[in-house]
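Going down the list, the protein sequences come from chains A and B. Residue numbers for the first sequence follow this note's numbering, so the first one is 271 and each next one is one higher. Residue numbers for the second sequence follow this note's numbering, so the first one is 558 and each next one is one higher.
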Amino acid sequence: MHLRHLQLTDFRSWEHADLELGQGPIVLIGRNGKGKTNVLEAVGYLATLGSHRVSSDTPLVRHERERALIRAAVVNGDRELVVELEISPGKSNRARINRGAVGRPRDVLGIVHTVLFAPEDLSLVKGDPAERRRFLDDLLVQRSPRYAGIRSEYDRVLRQRNALLKSTGKRGARAAADDPYALSTLAVWDSQLAELGAQLLAARLDLVADLAPHTAAAYDGIAGSPGGEPDKSAGITYRSSLGSALPADYGTPEGQRADVDILIKALGDAVVESRESELERGVSLIGPHRDDLEITLGGSPAKGYASHGESWSLALALRLASYELLRDEAGEPILLLDDVFAELDRHRRARLAEVASRAEQVFVTAAVDEDVPGELTGVRYTVDEGRLVRE
Amino acid sequence: MYEGVVQDLIDELGRLPGVGPKSAQRIAFHLLSSDPADITRLAEVLGKVAEGVQFCETCGNVAEQEQCRICRDERREPNVICVVEESKDVLAVERTREFKGRYHVLGGALDPLSGVGPDQLRMRELLARISSDEVTEVIIATDPNTEGEATATYLVRVLRDFPGLTVTRLASGLPMGGDLEFADELTLGRALSGRRAL
Chain A
271 MHLRHLQLTD FRSWEHADLE LGQGPIVLIG RNGKGKTNVL EAVGYLATLG
321 SHRVSSDTPL VRHERERALI RAAVVNGDRE LVVELEISPG KSNRARINRG
371 AVGRPRDVLG IVHTVLFAPE DLSLVKGDPA ERRRFLDDLL VQRSPRYAGI
421 RSEYDRVLRQ RNALLKSTGK RGARAAADDP YALSTLAVWD SQLAELGAQL
471 LAARLDLVAD LAPHTAAAYD GIAGSPGGEP DKSAGITYRS SLGSALPADY
521 GTPEGQRADV DILIKALGDA VVESRESELE RGVSLIGPHR DDLEITLGGS
571 PAKGYASHGE SWSLALALRL ASYELLRDEA GEPILLLDDV FAELDRHRRA
621 RLAEVASRAE QVFVTAAVDE DVPGELTGVR YTVDEGRLVR E
Chain B
558 MYEGVVQDLI DELGRLPGVG PKSAQRIAFH LLSSDPADIT RLAEVLGKVA
608 EGVQFCETCG NVAEQEQCRI CRDERREPNV ICVVEESKDV LAVERTREFK
658 GRYHVLGGAL DPLSGVGPDQ LRMRELLARI SSDEVTEVII ATDPNTEGEA
708 TATYLVRVLR DFPGLTVTRL ASGLPMGGDL EFADELTLGR ALSGRRAL
């Protein structure tokens, strides 16, 4: 798929931007702080309804304006759709498809697919588990949009359950754990947590199973010397807060697809078992919100063991694997390469450029021309003082 | 800022749900220009509300007497109870003219974030009604959102031990007159899993 037209109004630093686009590379060159990344962020927002840089919508709207508008004409095969998103922080965002209002912004998920490479990707390997959970969930939503709803409902149940654990636990965890009345209320939220959590967990396990072979192959391609095999292989494993209660062959390429009913039962049992420590600490300790994606290199965990260069290769491998997965299942995603070449060595640069040059559409930002590999010659824009000038 | 009582009025109106500062200002100036008799009548109604609205002793719906109109109505089936969150939900179900039973208004849904547990809802009154009256079916009609679903789950857990009592939940699914292609995945998923044989 590709964007044929992109229009931004009061989005970040752009009072107005209007881009007629075609297939192939679109290179945005400009000094720092001129708004190159903001363009990529807008395209990414169409795909995930979130930004890769900030968690709230407020900074996305131009200073002292009430709302921002992103409008894009999306071409997928021989079909064209016009998607519009209106972002108004503090109110509910609105969406339109082909000028017709849709119920919720969530309904536009699944129209645009993107895979973004950014300097922040290094934190996929070196950062907190939350970064990796977000990586999985964002990919999950692109793969199957209904998980956006399940995830937000799960978050809501979690907040309610934590509030209840906190207020019940105040009286002393042991006393509460023996109080049938307190337990009967808690049991309601247990079952909500288990039901929604199991759906999210099953989807993540299947995703990891499908992503693992792509990740290993991508890492071989990046880290292997030309013509030779790399000395270490990359792997990803889903680490669940269920521990050994999780069937061992779930989440592995050779294993079974995860069964939601089995996971509902496993989560339900685990929650009951950790009742006392949950009441003591006043938070939910079991569920997909406590899980992690373990990234390994040559069998040892990458976090802490992998070198800086290896960590970069792993981060790239995860993104390239996402690209391959989405391409197989949902149609070719749009690639977004945000200032990423400056961070890579010659070999990794060449590998990424090779994939990107074959993509249907790719947006590239860079501070200077020299950072853009020769393969990615396409339409070039210089970005300066709120203007985009086509060369 | 306006002077004195006008600003007080705007501030008070602005605290109402769904009324922003601009709407509050518009309503305030509308009141200032309207007939004093209208304002007095509004003030009287508000005064009566403040003195205490009566709630039906049986079902918890707003009422003029000790019992609401529906609970007094002999023609309504006494053995089916529809459990709803708020009085406005009673009106919503009544508008269908499909339901001939009686109601029970919980006064909200389980919401630990706002400190609402079963004790804050009219759960005990419901259980008392079911054990004493000849109730054979309870229809759970709480909202299809996180809190409403949790309340429904709680009710099912509490009610399943009553012998001979059928507990049902409103079906959730597609709106009439809608298009299948525009239904969101969650709704369509529910509709699919709750499908019925014809």
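Using N, Cα and C, we set each Cβ at its ideal position, and we do this for glycine too.
Check your understanding: Does the count of Cβ pairs from the stretch 378 to 396 of chain A and the stretch 595 to 605 of chain A closer than 8 Å reach three?
Key -> yes
Check your understanding: Is P415 (chain A) buried or exposed, if buried means 16 or more other CB atoms sit within 10 Å of its CB?
Key -> buried
Review point. Closest by CA to Y489 (chain A), which one among A:Y451, A:R621, A:D408, A:A518?
Key: A:R621
Check your understanding: Cβ of L273 (chain A) within 7 Å of Cβ of V344 (chain A)?
Key -> yes
Check your understanding: Does the beta carbon of G419 (chain A) come closer than 7 Å to any beta carbon on chain B?
Key -> yes
Review point. So the beta strand (DSSP E) Y651 (chain A) belongs to, where does it begin and stop?
Key: 649 to 654
**Study point:** Length of the line joining the Cα atoms of A626 (chain A) and A504 (chain A)
**Key:** 22 Å
Review point. Exposed or buried, what is G301 (chain A) when buried is set at 16 or more other beta-carbons lying within 10 Å of its beta-carbon?
Key: Gly is not the amino acid found at residue 301 (chain A); the sequence shown has Arg there. Label assigned to R301 (chain A): exposed.
Exercise for review: Please go through the same chain and pick out, in chain order, the residues whose beta-carbon is closer than 8 Å to the beta-carbon of D539 (chain A), but skip the five residues on each side of it.
Suggested key: A515
Practice item. Could you name the residues of the stretch 345 to 376 of chain A whose beta carbon sits closer than 8 Å to any beta carbon of chain B, in the order they occur along the chain? Key: V372, G373, R374, R376
Review point. For D398 (chain A), which of helix, strand or coil comes out of DSSP?
Key: coil
Point to revise | Backbone CA spacing between S326 (chain A) and M680 (chain B) [nearest angstrom] | key: 39 Å
Point to revise | Contact set for Y520 (chain A): own chain, Cβ-Cβ below 7 Å, skip 5 residues either direction | key: L475, Q526, A528
Practice item. Check the Cβ-Cβ distances between A707 (chain B) and every residue of chain A, and say whether any is below 7 Å. Key: yes
Exercise for review: Look at L276 (chain A) and W284 (chain A) and say whether their C-beta atoms are less than 7 Å apart.
Suggested key: no
Review point. For N636 (chain B), does the count of other Cβ atoms within 10 angstroms reach 16, so buried, or fall short, so exposed?
Key: exposed
Check your understanding: Mind checking V324 (chain A): buried by the 16 CB within 10 Å criterion, or exposed?
Key -> exposed
**Study point:** Alpha-carbon to alpha-carbon, R369 (chain A) and R666 (chain A)
**Key:** Beyond the ends of chain A as shown, which are 271 and 661, falls residue 666 (chain A); an answer cannot be given.
Practice item. Take the Cβ of N308 (chain A) as the centre, count every other Cβ of all protein chains shown within 10 Å, and call the residue buried at 16 or more, exposed below. Key: buried
Review point. Interface residues of chain A around P593 (chain B) at Cβ under 7 Å?
Key: Going along chain A, no residue has its Cβ under 7 Å from P593 (chain B), so there is no contact; the nearest lies around 37 Å.
Review point. Is it buried or exposed for T653 (chain B), if we count other Cβ within 10 angstroms and need 16 for buried?
Key: exposed
Exercise for review: In the DSSP assignment, find the unbroken alpha helix (DSSP H) run with A607 (chain B) in it and report its ends.
Suggested key: 593 to 608
Exercise for review: Provide the residue span of the beta strand (DSSP E) that contains P295 (chain A), from first to last.
Suggested key: 294 to 299
Practice item. Give a yes or no on whether 7 Å exceeds the smallest Cβ distance from L663 (chain B) to chain A. Key: no
Check your understanding: Should P669 (chain B) be flagged as near chain A, meaning a C-beta pair shorter than 7 Å?
Key -> yes
**Study point:** Buried versus exposed, by CB contacts within 10 Å (16 or more), P295 (chain A)
**Key:** buried
Check your understanding: Skipping 5 residues on each side, what residues in its chain have a beta carbon closer than 7 Å to that of H559 (chain A)?
Key -> L428
Check your understanding: Using a beta-carbon distance below 7 Å, is L743 (chain B) in contact with chain A?
Key -> yes
Check your understanding: Does the beta carbon of A482 (chain A) come closer than 7 Å to any beta carbon on chain B?
Key -> no
Practice item. Confirm, please, whether the CB-CB distance from L481 (chain A) to I420 (chain A) is below 7 Å. Key: no
Review point. Got a sec: is the Cβ-Cβ distance from E336 (chain A) to anything in chain B below 7 Å?
Key: no
Check your understanding: Which ranges does the alpha helix (DSSP H) cover as unbroken runs of at least 4 residues, wholly within the stretch 491 to 545 of chain A, from first to last along the chain?
Key -> 530 to 543
Review point. Which of the three DSSP states, helix, strand or coil, is assigned to S321 (chain A)?
Key: coil
**Study point:** Under 8 Å by beta carbon: chain A residues contacting G746 (chain B)
**Key:** R416
Review point. Considering only residues of the stretch 621 to 694 of chain B, which uninterrupted alpha helix (DSSP H) runs meet the minimum length of 4 residues and lie entirely inside it, listed in chain order?
Key: 626 to 629, 644 to 653, 680 to 689
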